[in-house]
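Below you'll find the structure, written out as structure tokens, and then a few comments.
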Amino acid sequence: MISEELAFRDSPVHRIDPRVRLVFALLLCFATALSGSFAAPLLALGSAMGLIVLSCLPLSAVARRLVPVNIFMLFLWLVLPFTHVGEPAFTVMSLAASKPGIEIAALVTLKANAIVLFMVALVSTMSVAALGHAAHRLYFPQKLVHLLLLTYRYVFVLESEYRQLVRAAKMRSFVPASNLHTYKTYSYLAGMLLVRAHARARRVHQAMVCRGFSGVYHCLDSFAFRKADLAWIALLSLFLLAMAGVSFNYGGLGDFFRGQALPFAG
Amino acid sequence: MQPIIELKNVCFAYPGGRKVLENLNFEITSGKKVGLIGSNGSGKTTLLHVIMGLLPATGGQVRLFGEEMLKEKDFARARRRIGFVFQNADDQLFSPTVIEDVAFGPLNLGKTKEQAREIARNTLESLGLAALENRVAYRLSGGEKRMVALATVLAMDPDMLILDEPTTGLDEVTGHRITHLINSIDKTCLIVSHEYEFLSQTTEVFYGMEGGLLKYLGDSQALHTHTHIHTAGAMPHKH
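Below you can see the structure in the form of structure tokens.
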């Protein structure tokens, strides 16, 4: 269900303190998303690719993560150029594709890929547990952190319960088809899963109470800030500043601060 | 000697349902290892949950460590001294990693992170589980989960242990390991099981439970000293 195949490896990026990675992943994503010109997202894509190389991830795994976002982008390419008003670039069967429309589609594609690469390089290189602990240490709302950690722990249990139910149905010759019997069976299955999840939640809570849980969850983490992390903070800040600088001079953030509307802040 | 657990005329019924416990009297004194045997649905787990205050008794008196348990606060205090191991280890182990789960109890008892980590490490090491420290809880095998669940409770250094079906669903080797482990723990124990052999090896006296009532069945050793071929099966076994 969650394989974390990229998390348990070793590389300079994997060794960065998870807190640093999480903070900069968020900042870099925001900076990329908010830039209005091509310069900043190009810079972002370049630095994201650099991080991917440094994180020594298998490129096939990275490519697999880019597929869904680019399928989505395909739909944008099919719609945006033909619906945006502006100087026509070419026509397909009497439909005119506008230049600004193409530009925006290209910009969004660039940004989306850069953001996914940043997240893959900086966030998917840590385990979900480390992500939860980093969020906890960065003062994210406690309830969200616990929700993340408990979901992570129990999603596998739920999955195995789901498989168990499906197996039980199969063993009695259940073959899914497009009929009422199938819909009914699946709704029973979903209902059963909910009931079981609820019962389990109660038992887990009881087990926690038996070990002295009183509502305050103490995180046991062992993050240690190293000298190398300082260097990483400097480097990542440099990326961020460069992007902000480029953005400021070539539209985007600059327009934003000058009081003009962003052309497209997708 | 002061009993650790003392139940007087305890009753329990599920809302609108049948009575599970009826006027139950029971006590465990310090240092004893007591077994509790009964068939499915006889109310064993319900009894344990009433003792721990997870289910409120509908009648009678529950006294733990000499104090009457009236409110959740009373139970909360007593729970710190009674380690309860649940039937299903997946319910007990909720943290992403083993070390965190074992440290959870000590942290709740007010220990600092360093102390909790130290205690968790020592507990795992004493059970021969040091290698599991940084493993992810859901990737453990069934037997490993059971051992770690025991560790999470032992890390709180309780005065007494309550184990709900500690060997159910385990293979013979892992079962023996648990038996050996329980015998090496020098604490008062209440062990619930439906396996005679396991109880005879780990407890001193035992009770049977049927239809919401407890019956004293006697000395575990006296009842289980002979092995023989049963007429109903070719496997030698103990009764």
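Line by line, the protein sequences give chains A and B. Positions in the first sequence are counted from 1; adding 326 to them yields my numbering. Positions in the second sequence are counted from 1; adding 322 to them yields my numbering. Ideal Cβ placement from N, Cα and C applies to all residues, glycine included. All values derive from a computational prediction rather than experimental measurement.
Sequence-distant residues of its chain with Cβ nearer than 7 angstroms to residue i (five each side left out)
{"i": "residue 410/A", "result": "424, 426, 427, 430"}
{"i": "residue 568/A", "result": "369"}
{"i": "residue 523/A", "result": "484"}
{"i": "residue 353/B", "result": "510"}
{"i": "residue 340/A", "result": "381, 451"}
Closer than 7 angstroms at the beta carbon, the chain A residues around residue i
{"i": "residue 412/B", "result": "483"}
{"i": "residue 435/B", "result": "546"}
Unbroken alpha helix (DSSP H) run spanning residue i, endpoints
{"i": "residue 566/B", "result": "No answer is possible for residue 566/B: the residues shown for chain B start at 323 and end at 561."}
{"i": "residue 441/B", "result": "435–448"}
{"i": "residue 525/B", "result": "Where residue 525/B is concerned, there is no enclosing alpha helix (DSSP H), given that its DSSP letter is neither H nor E."}
{"i": "residue 506/B", "result": "494–506"}
{"i": "residue 563/A", "result": "553–575"}
{"i": "residue 513/A", "result": "506–536"}
{"i": "residue 471/A", "result": "468–497"}
Residues near residue i by beta carbon distance below 6 angstroms, same chain, minus five either side
{"i": "residue 336/B", "result": "none"}
{"i": "residue 338/B", "result": "none"}
{"i": "residue 590/A", "result": "A caution first: residue 590/A carries a pLDDT of 49, below 50, which makes its placement in the model unreliable, though a value can still be read off. Once the five neighbours on either side are set aside, the close Cβ partners of residue 590/A are 430."}
{"i": "residue 488/B", "result": "500"}
{"i": "residue 543/A", "result": "472"}
Which listed residue (the options) has its alpha carbon closest to that of residue i
{"i": "residue 348/B", "options": "385/B, 494/B, 360/B", "result": "385/B"}
{"i": "residue 413/B", "options": "443/A, 574/A, 535/A", "result": "535/A"}
{"i": "residue 546/A", "options": "440/B, 496/B, 534/B", "result": "440/B"}
{"i": "residue 324/B", "options": "350/B, 345/B, 330/B, 333/B", "result": "350/B"}
{"i": "residue 401/A", "options": "561/A, 329/A, 434/A, 572/A", "result": "434/A"}
{"i": "residue 390/B", "options": "373/B, 405/B, 409/B, 473/B", "result": "373/B"}
{"i": "residue 349/A", "options": "331/A, 449/A, 573/A", "result": "449/A"}
{"i": "residue 533/A", "options": "399/B, 447/B, 416/B", "result": "416/B"}
{"i": "residue 451/B", "options": "539/B, 491/B, 470/B", "result": "470/B"}
Residue i, enclosing beta strand (DSSP E) - first and last residue
{"i": "residue 382/A", "result": "Run containing residue 382/A: none; DSSP gives neither H nor E here."}
{"i": "residue 349/B", "result": "341–351"}
{"i": "residue 422/A", "result": "421–424"}
{"i": "residue 467/B", "result": "Looking at the DSSP string, residue 467/B is not in any beta strand (DSSP E); the run it does join, the alpha helix (DSSP H), is 464–476."}
{"i": "residue 330/B", "result": "325–335"}
{"i": "residue 417/A", "result": "414–418"}
{"i": "residue 354/B", "result": "Careful: residue 354/B lies outside any beta strand (DSSP E) and carries neither H nor E."}
Partner residues on chain B for residue i, Cβ-Cβ distance less than 8 angstroms
{"i": "residue 539/A", "result": "426, 430"}
{"i": "residue 529/A", "result": "408, 410, 413"}
{"i": "residue 354/A", "result": "The premise fails here: residue 354/A is roughly 26 angstroms from chain B at the closest Cβ pair, so nothing lies under 8 angstroms."}
{"i": "residue 475/A", "result": "417, 418"}
Chain-ordered chain B contacts of residue i [CB-CB under 9 angstroms]
{"i": "residue 526/A", "result": "410, 412, 413"}
Residues that DSSP places opposite residue i in a beta bridge
{"i": "residue 406/B", "result": "484/B"}
{"i": "residue 414/B", "result": "Partner(s): none; residue 414/B has no beta bridge."}
{"i": "residue 385/B", "result": "328/B, 390/B"}
Residue-level contact to chain E via CB, residue i, 9 angstroms cutoff
{"i": "residue 422/B", "result": "Among the chains of the structure shown, chain E does not appear; the protein chains present are A and B."}
Partner residues on chain B for residue i, Cβ-Cβ distance less than 7 angstroms
{"i": "residue 478/A", "result": "418"}
{"i": "residue 532/A", "result": "376"}
Cut-off 8 angstroms between Cβ atoms - residues of its own chain near residue i, not counting five sequence neighbours on either side
{"i": "residue 371/A", "result": "436, 439, 440, 443"}
{"i": "residue 486/B", "result": "366, 367, 370, 406, 407, 408, 409, 514"}
{"i": "residue 488/A", "result": "515, 519"}
{"i": "residue 358/A", "result": "366, 367, 370, 437, 440, 441, 444, 569"}
Under 9 angstroms from the C-beta of residue i: neighbouring residues of chain A
{"i": "residue 336/B", "result": "Under the 9 angstroms cutoff, chain A gives no residues; its nearest Cβ is about 14 angstroms from residue 336/B."}
Interface partners of residue i on chain A, CB under 8 angstroms
{"i": "residue 460/B", "result": "479, 482, 483"}
{"i": "residue 402/B", "result": "538"}
{"i": "residue 478/B", "result": "537, 538"}
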